Amino acid sequence: MTPKPPAGSPDRPTPPRTADRLLEWFVAPHRLETLQGDLHEEFAYQVGRVGERRARWHYWREVLGFVRPYVMKRQPNEYSSPHLLSPAMIRNYLKIAWRSLWKNRLFTLLNSAGLAIGLSVALLLLLYVRDERAFDRHYTNADRIARITLTASFDGETMHWGNAPNIVGPTMKAQLPGIEEQVRFLRHNYGQTAFVNAIGFASKFAETRLYWADSTLFKVFDIPLLVGNPNTALAGPDRVILSQSTARRYFGTANPLGNVLNVDGQQKLEVTGVYADLPATATLDADLIGSWASVKWASNPTNQSWSNASFETYLLVRPETDLTRLAGQMNAILERNVKPGDRFYTLGLQPLTDVHLHSPGFTNTSTDRVGDQSQVNILLILAIVILVIAGINYMNLATAQSQVRSREVGINKAVGATRTQLIGRFYTETTLVVTGSLLLGIGLVVISLPFFNDLAEKQLTLGSLLTPDMLGNLLVLGLLVILLPGLYPALHLSRFSAKHLMNPSYRSSTGAGWLRRSLVVAQFTASLILIISTFLFYRQLQYIQQRKLGYEPTQVVAVSTAAVPSKEHMESLTNDFRSLSSIDEVCRAQTYPGKTGSGRSLNKPLDDKASTYITTNRVTSDFIKVLGLKLLAGTTLPAAKSDKLDTDNESDTTVQIVLNKTAVDFLGYTPEQAIGKKAPGVFDNNAEIVGVVDDFHFQSLHQPIGAYGFHNANTENRTFLLVRTQTRNLPETMRQLQAAYQKNLPDAAFEYVFLDQYLNNLYRSEQRTARVVLIFAGLAILIACLGLFGLAAFTAEQRTKEIGIRKVMGASVTNLVVLLSGDFLKLILVAIVIASPMAWWGMHQWLQNFAYKIDIEWWVFALAGLLAAGISLLTVSFQSIKAALMNPVKSLRSE
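Read in my numbering, the sequence shown has 868 at position 184, and its numbers run on one by one without any break.
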């Protein structure tokens, strides 16, 4: 007769598992083992008598037959046991948990290190995200303030502007009852540097954050005025208020009220107030705010225009006002006041709290404090990914010990422990590990915060971590890390039954292996996505920095000349610069590539309705040599007119212009055909095209190349000297330039910028995000490797006897290392297959923000896979080699 398979054998039929679970749920604990054992014996007998199918039905009938009051769980236990949360049980849980953690010190250390690093990274990134989302929320009426925006259309292209014409704010306030107040801002000379000195004081400063604002400023924004009267501080011409730190720079401890500031040597302003320094989370970044009436041309009632969109305008709307409906009413007023042929834009409203993170696509804005919601999302996802990797580590290492701890659980159950008590015990272990890791993580945050501030260009403080919302986030974070990663180990380890205690076949098939493998794949999938994303981040930034721009910004210095008091001073300064042997070329310019110029409309010949936006720049004739532009046809601007000083040619109405190729293509000409033609729409159709230069990038590579023109019309001031220097001994050249500048302008600060450095700053946001992702991607891989190291150590320990037998049978160290490492490398390969399409999709979406971008090539994924495989192989090989070198006699003796 064929012997019956042993109990617990996978070949022997087993009772319906659902019926068994139902039995365990309703039967009192002190009756369960006896009752379940009898039913299992009856099931085995019925299988032999009537077959497995009928035996299973019979088993269900027997189980349901025991649903009787005397076996239900409400029947009191024969032995009283303390409540799960009683002080005695909690002390017992803590004592046993501590002993267990100390016994498995390696796994405890790896878990604590991984969780501490993960939690510290998550906290730092959450601090960054919180800071970005906190912009402008400190104002009392933040939810009622909105910025007027423009959506302009040129030749089918749409542009978003953050500025509006100066007439828009007052007109809308006067005609729409939903608007309570308005305030306009104008940055000094459209963002140029202001040279300021306090009369009677020796100090002189170059100010880049001087704004002009309406006297209604304090009615819209509740900026604390420390000294002065908010009702009169800006109510009149020639008045200025200073930030607290600016007042201290100018006047030290002296009372600033009543003192006079000289701006650009041309305008005197009386100090009428001092306001508290604006927080780092304020979009408005002014150090000095002058009164609107001080800007004569902008405040003149006869100079209110619907076309010059240079003024950042904010509205304070009445409570419950619908911004979408209000914007519709504003556009209706726009249509009544501007003819269709002149109406190239529509008006919109942007909530103040959206301005910082939702304005990266806006141009013509005043503030430099512009964030990017997509980059905040990237860092938030990074924080979540790193936390998930750390949590997976804990689950992996906890379930890896399941075979060892199954016997421990069985003994506890045999002496009366319930599953609920065991779950509580395992959660206590998790709580101890997470609490210790959280404290260690906070310590790491304290240590690394200065470095993180430098990396992310922030001013975060430890006080940011102690705010109520961050403490709440910290508590929620701790609870999530305790509950979620601890859930499966607690449920998995506590399910072992006392009847399987001495059954080796059961212990070897606990079912946790597939989960550990899945979690390792998930860890390295996340790590690979981060590696691939980091590679592509840096490749795109490298592409931007190395792409030919169409001109030569290297060694070109833009020196601000806004403080030059007269044409004689300007002529003397220009000649002094030209006389230096280390200077190749000099030209005067309104602006330079990368910095905003003037905006105008360029029309198609014979079709005034077809127009495009053209950026214009007033320059002198040597601009082509200074910037290294390529002339395709014609000549540069004529020196006879272009090199005259700003006040020399008011009566000369002729205008010459040099266009780039994009502008000429729009007109429908070849470069040669364009010479001698008029540029329709520009300067009242009076601009003659005298030259065509090749296209060059005058904006960041986020935008495609648009139309551009260099002209000599007597319109804008040329407030920069562009100087091409020689490459030898650049520090000495800069000292010579400064000496010449101070000789001619002793009361002004020497303010300059290198064009290539300025262009590099256009991508500061992407560079910052790339640096953060690089550092934290490395930490994510480190956390994953800590878990892999622990799993490799456990695997080597579990296969000690197998390794010994293989060594005795002649296996070499190399064979054993390949054997132990191969399983992990297979998991890495699976992770590569999963991560590659996910990383491709994510980075493809990010690259859409650039008009000029790299191709995502296959070798990036191969390199990332090799890197991940190499790191994991190094991690696993340490334990593999250690196990392979062990004495086989000792291995075979171990249990």
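Yeah, the Cβ is synthetic: ideal placement off N, Cα and C, and Gly gets one too. Note that the structure is predicted; figures quoted are calculated from it, not measured.
Would residue i and residue j qualify as a contact pair, given that the criterion is a beta-carbon distance under 8 Å?
{"i": "T835", "j": "T1030", "result": "yes"}
{"i": "Y797", "j": "L1470", "result": "The residue you asked about is not Tyr; residue 797 is Ala in the sequence shown. Yes, the pair counts as a contact, with Cβ atoms nearer than the cut-off."}
{"i": "A1246", "j": "F995", "result": "no"}
{"i": "P1237", "j": "L1385", "result": "no"}
{"i": "R1412", "j": "D1268", "result": "no"}
{"i": "L894", "j": "R923", "result": "no"}
{"i": "S989", "j": "F869", "result": "no"}
{"i": "E1450", "j": "A890", "result": "no"}
{"i": "A826", "j": "Y998", "result": "no"}
{"i": "Q1034", "j": "T833", "result": "yes"}
{"i": "R1262", "j": "L1000", "result": "no"}
{"i": "I1216", "j": "A1464", "result": "no"}
{"i": "F1382", "j": "P1277", "result": "yes"}
{"i": "V1376", "j": "L1321", "result": "no"}
{"i": "T1346", "j": "A1391", "result": "yes"}
{"i": "A1509", "j": "S1556", "result": "First, the residue type needs correcting, since residue 1509 is Leu and not Ala in the sequence shown. Yes. Within cutoff."}
{"i": "L1212", "j": "A1454", "result": "no"}
{"i": "T892", "j": "T877", "result": "yes"}
{"i": "L941", "j": "V911", "result": "yes"}
{"i": "V747", "j": "A703", "result": "yes"}
{"i": "D1431", "j": "K888", "result": "yes"}
{"i": "F1380", "j": "G1234", "result": "yes"}
{"i": "L807", "j": "G1125", "result": "yes"}
{"i": "L1063", "j": "L809", "result": "yes"}
Skipping 5 residues on each side, what residues in its chain have a beta carbon closer than 7 Å to that of residue i?
{"i": "T855", "result": "I1017"}
{"i": "N1080", "result": "R1200, L1203, V1204, G1471, L1475"}
{"i": "V1501", "result": "S1561, S1564, I1565, A1568"}
{"i": "Y920", "result": "Residue identity check: residue 920 is Gly in the sequence provided, not Tyr. Contacts found: S975, A977."}
{"i": "T698", "result": "none"}
{"i": "I1540", "result": "L1220, W1524, M1527, H1528"}
{"i": "L700", "result": "Note that residue 700 is Pro in the sequence shown, not Leu. Taken in chain order, the residues that qualify are R740, Y743, W744."}
{"i": "A1140", "result": "Y812, R1452, V1456"}
{"i": "Q1013", "result": "L860"}
{"i": "T1319", "result": "V1374, G1375"}
{"i": "N1137", "result": "Q1143, L1144"}
Could you tell me which residues DSSP puts in a beta bridge with residue i?
{"i": "E996", "result": "F869"}
{"i": "T1300", "result": "S1282, G1393"}
{"i": "W845", "result": "L834, T1047"}
{"i": "N643", "result": "The chain is shown from 685 up to 1579; residue 643 falls before or after that span and cannot be answered."}
{"i": "F879", "result": "A890"}
Near residue i, what residues of its chain come up, given a Cβ to Cβ distance below 8 Å and the 5 sequence neighbours on each side ignored?
{"i": "D1052", "result": "D969"}
{"i": "S625", "result": "There is simply no residue 625 to check, as the chain begins at 685 and stops at 1579 in what is shown."}
{"i": "F838", "result": "F1028, S1285, S1295, T1296, Y1297"}
{"i": "T1047", "result": "M843, H844, W845, G846, T1280"}
{"i": "V734", "result": "H742"}
{"i": "F819", "result": "T965, A966, T967, T1037, V1039, H1040, L1041, R1053, G1055"}
{"i": "H822", "result": "P963, T965, A966"}
{"i": "I1166", "result": "Y1111, T1114, T1115, V1118"}
{"i": "R1483", "result": "L1504, A1567"}
{"i": "N1015", "result": "T1030, L1031"}
{"i": "L1225", "result": "Y1447, E1450, Q1451, A1454"}
Within a Cβ cutoff of 6 Å, which residues of the same chain sit near residue i, ignoring the five residues on either side of it in sequence?
{"i": "D898", "result": "V867, R868, W976"}
{"i": "V660", "result": "No answer is possible for residue 660: the residues shown for the chain start at 685 and end at 1579."}
{"i": "A931", "result": "P940, V958"}
{"i": "R1402", "result": "R1272, A1273, Q1274, R1302"}
Segment contact flag, the stretch 1392–1402 with the stretch 1293–1312, C-beta cutoff 8 Å, min 3 pairs: yes
The stretch 939–946 in contact with the stretch 856–865 per 3-pair CB rule at 8 Å: By the Cβ rule, the stretch 939–946 does not count as touching the stretch 856–865, because fewer than three pairs are nearer than 8 Å.
Length at least 3, wholly inside the stretch 1397–1437: the beta strand (DSSP E) runs in chain order: Those beta strand (DSSP E) runs which fall completely within the stretch 1397–1437 and span 3+ residues are 1404–1409.
The stretch 1058–1074 contacting the stretch 797–813, beta-carbon criterion three pairs below 8 Å: yes
Whole alpha helix (DSSP H) elements within the stretch 1490–1569, 4-residue minimum: Within the stretch 1490–1569, the runs of alpha helix (DSSP H) that reach at least 4 residues and sit entirely inside it are, in chain order, 1497–1531, 1542–1568.
3-residue-minimum beta strand (DSSP E) runs that sit fully inside the stretch 789–822, ordered along the chain: none
Segment contact flag, the stretch 1370–1379 with the stretch 1337–1347, C-beta cutoff 8 Å, min 3 pairs: yes
Alpha helix (DSSP H) segments (min. 4 residues) lying fully within the stretch 1005–1036: 1007–1021
Every unbroken beta strand (DSSP E) within the stretch 1213–1295, with a cutoff of 3 residues, ordered by chain: 1240–1244, 1267–1273, 1282–1288
Beta strand (DSSP E) runs wholly inside the stretch 940–985, at least 3 long, in chain order: 944–947, 951–959, 972–975
Unbroken stretches of the alpha helix (DSSP H), 4 residues or longer, contained in the stretch 1452–1483: none
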